[in-house]
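Q: Take 3 as the starting number for the sequence shown in our numbering and just add one per residue. One structure is given below, represented as structure tokens, and several questions about it will come after.
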Amino acid sequence: MQHLINLSDLSADDIHALFDRAEVLARQERLEPSLEGRHIANLFFEPSTRTRVSFELAARSLGGSVVNLDVQNSSFTKGETLVDTYRTLEAMGIDAFVVRTAQPGVIQDLGRVVGRNVAVFNAGEGDAAHPTQGLLDALTIRQHKGNFDQLSIAIVGDVSHSRVARSTLRALSILGCQDLRIVAPAAWQPPAQQMPQVVITDNLEMGIQGCDVVMALRIQNERLRNSERLDRDQYVSHFCITQQRLAAAKNDAIVMHPGPINRAIEIADEVADGPQSVILRQVSNGVTIRRALFDTVARSRGWFDS
Ligand code: NCD
């Protein structure tokens, strides 16, 4: 593994190997410094709390140094192209780029222009992909539920604008999940032909019926066109995950949300903070999975020989 740009580059075995590595590293008291002497640049052209901090903590825990480009005060605002920004940072000795952007395709392009010794990690690409989120969600599900092929999993909310939904569904289907469901108002359902293996409904109780995992999504207000804006109270009355509605899922179902949460809109406090919620476990798995990813890439690039 040299980069992580698309999940479709990974097999089920690759993903399980990454999860196993993540769990080994999580148990180790002292980590081998597989990023020692390496410089990681965080380039976030969209807001982030969890993803940026967890990439940074993960890199530091392996001995890497981290530069957070202050995009608002960078030459990007003077009209410098993204590729020129990358080349400039690469010339200063950056070994890996962690990139979040609103523009689909840009991270793929970067993977083609960076030097052979430079790694690229996709930290969220418009509404198209968020591969490390897909991985941390699947790791969280494996930790709580084990085998993927027997599980029923529902993703609820603004699916059509969500890169998380795309990457998490991609990860789960690579891992062999057979029963994947989308619960969304008609305006936020992806075209059925885009996801032929997924059942799509606008009925929450039916959609989560008997599920092992229920994942709510944030409404992507920044990506909605005016015609796609829905009445908030209507949304809450049909799709907000309350304890009462959750009763349709299995008794031991886990509840997930990638964050940031709009409380009482996407998910009720009693559920977000309740015993079935694994939302903070997702957050800590964000560090766990990104550390395993850095470690795996560092070793496969020969940056570190143990
Ligand atoms: C997500 C994102 O940025 O796509 N956040 C995250 O990385 N945990 C989800 C969101 O913003 O809705």
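Glycine residues also receive a C-beta, built at the ideal position from the N, C-alpha and C atoms. A quick note: this is a predicted structure, and the numbers were derived from the prediction, not measured.
In terms of residue numbering, what span does the beta strand (DSSP E) encompassing M258 cover?
A: The sequence position of residue 258 within the sequence shown is 256, counting from 1. That run of the beta strand (DSSP E) goes I256 to M258.
Q: Helix, strand or coil for G126? Go by DSSP, reduced to three states.
A: To locate residue 126, count along the sequence shown from 1; it is residue 124. Of the three classes helix, strand and coil, the one that applies to G126 here is strand, per DSSP.
Q: Do the region 221 to 239 and the region 162 to 170 meet, that is, are 3 or more Cβ pairs less than 8 Å apart?
A: Verdict: yes, contact present.
Q: For V185, which beta-bridge partners are listed by DSSP?
A: The count along the sequence shown starts at 1 and reaches residue 185 at position 183. V158 and T203, per the DSSP bridge assignment.
Q: Is T53 a contact residue of the ligand NCD, with contact defined as CB to any heavy atom under 7 Å?
A: Residue mapping note: residue 53 aligns to position 51 of the sequence shown, counting from 1. Yes - the ligand NCD has a heavy atom lying nearer than 7 Å to the Cβ of T53.
Q: With distances taken Cα to Cα, identify the nearest neighbour of D151 among P133, L171, S175 and S169.
A: Reading the sequence shown from its first residue, position 149 is the one you call residue 151. Per the Cα distances, S175.
Q: Out of curiosity, what's the CA-to-CA distance linking D22 and F78?
A: The residue labelled residue 22 in the question sits at position 20 within the sequence shown. The residue labelled residue 78 in the question sits at position 76 within the sequence shown. Distance between the alpha carbons of D22 and F78 is about 39 Å.
Q: Grab me the residues of S63's own chain with a C-beta within less than 8 Å of its C-beta, minus the 5 sequence neighbours each way, in chain order.
A: Translated into the one-based positions of the sequence shown, residue 63 becomes position 61. So the list reads L33, V289 and R293, once near-sequence residues are dropped.
Q: Between I7, P187, A156 and T203, which has its C-alpha nearest Q180's C-alpha?
A: Counting from one through the sequence shown, the residue named residue 180 turns up at place 178. Q180 has its Cα closest to that of A156, out of I7, P187, A156 and T203.
Q: If you draw a straight line from the alpha carbon of D160 to that of Q191, how long is it in whole angstroms?
A: Reading the sequence shown from its first residue, position 158 is the one you call residue 160. Reading the sequence shown from its first residue, position 189 is the one you call residue 191. Whole-angstrom Cα-Cα distance: 7 Å.
Q: Between the alpha carbons of M208 and D16, how many angstroms are there, rounded?
A: Here the question's residue 208 lines up with position 206 in the sequence shown. Here the question's residue 16 lines up with position 14 in the sequence shown. Each residue's alpha carbon lies about 34 Å from the other.
Q: Would a C-beta distance cut-off of 8 Å place L20 and L137 closer than the cut-off?
A: The residue you call residue 20 lines up with position 18 of the sequence shown. The residue you call residue 137 lines up with position 135 of the sequence shown. Yes.
Q: Need the endpoints of the beta strand (DSSP E) that N70 sits in, please.
A: Position 68 of the sequence shown, counting from 1, holds the residue named residue 70. Residues S67 to N70.
Q: Kindly indicate which residue of S286, V108, A186 and N70 has the alpha-carbon position closest to the one of D86.
A: For the purposes of this step, residue 86 is identified with residue 84 of the sequence shown, where counting begins at 1. Nearest option by C-alpha distance: V108.
Q: Among R231, V69, K80 and I291, which residue has its Cα nearest to the Cα of L27?
A: By 1-based counting over the sequence shown, the position of residue 27 is 25. If we check each option's Cα against that of L27, I291 comes out closest.
Q: Span of the beta strand (DSSP E) holding N44?
A: Start at 1 with the first residue of the sequence shown, and residue 44 comes out as number 42. Note, N44: beta strand (DSSP E), H41 to F46.
Q: L91: which of V257, T103 and L112 sits nearest, CA to CA?
A: For this step, residue 91 is matched to residue 89 along the sequence shown. That would be L112, whose Cα lies nearest to the Cα of L91.
Q: Exposed or buried, T51, counting other C-beta atoms within 10 Å across all chains shown (16 or more means buried)?
A: Your numbering for residue 51 matches position 49 in the sequence shown. It counts as exposed.
Q: Quick one: give me the first and last residue of the alpha helix (DSSP H) that V289 is part of.
A: In the sequence shown, the residue the question calls residue 289 occupies position 287. Its alpha helix (DSSP H) spans residues I281 to S302.
Q: Please classify I176: does DSSP put it in a helix, a strand, or coil?
A: As a first step, residue 176 is located in the sequence shown; it is residue number 174 there, counting from the start. Helix.
Q: Quick check: the Cα distance between H259 and S239, rounded to an integer number of angstroms?
A: The sequence position of residue 259 within the sequence shown is 257, counting from 1. The sequence position of residue 239 within the sequence shown is 237, counting from 1. Roughly 19 Å between the two C-alpha positions.
Q: Assign T83 to buried or exposed, taking buried as 16 or more other Cβ atoms, counted over all protein chains shown, within 10 Å of its Cβ.
A: Residue numbering aside, residue 83 sits at position 81 when the sequence shown is read from its first letter. When all chains shown are included, T83 counts as exposed.
Q: Taking 7 Å as the limit between beta carbons, can you name the residues of its chain near P133, skipping five residues before and five after?
A: Here the question's residue 133 lines up with position 131 in the sequence shown. Within the same chain, P133 has close Cβ partners L6, N8, L9, N124 and S169.
Q: Report all residues from its chain with a CB closer than 8 Å to the CB of L303; omit the five preceding and five following residues, and keep chain order.
A: Along the sequence shown, one-based indexing puts residue 303 at 301. Note on residue identity: the sequence assigns Arg, not Leu, to residue 303. The answer, listed in chain order, is Q4, N119 and A121.
Q: Does the beta-carbon distance from L153 to A24 come in below 8 Å?
A: In the sequence shown, the residue the question calls residue 153 occupies position 151. In the sequence shown, the residue the question calls residue 24 occupies position 22. Taking 8 Å as the Cβ cut-off, L153 and A24 do not qualify as a contacting pair.
Q: Once DSSP output is grouped into helix, strand and coil, what is the label at M217?
A: Taking the first residue of the sequence shown as position 1, residue 217 is located at position 215. DSSP places M217 in strand when its eight states are reduced to three.
Q: Please state whether the Cβ-Cβ distance between R89 and F47 is less than 8 Å.
A: Residue numbering aside, residue 89 sits at position 87 when the sequence shown is read from its first letter. Residue numbering aside, residue 47 sits at position 45 when the sequence shown is read from its first letter. No.
Q: Is the CB-CB distance between N44 and N75 below 8 Å?
A: As a working mapping, residue 44 is identified with position 42 in the sequence shown. As a working mapping, residue 75 is identified with position 73 in the sequence shown. Contact: no.
Q: Please tell me whether R234 and I267 are closer than 8 Å, where the distance is taken between their beta carbons.
A: The count along the sequence shown starts at 1 and reaches residue 234 at position 232. The count along the sequence shown starts at 1 and reaches residue 267 at position 265. Yes.
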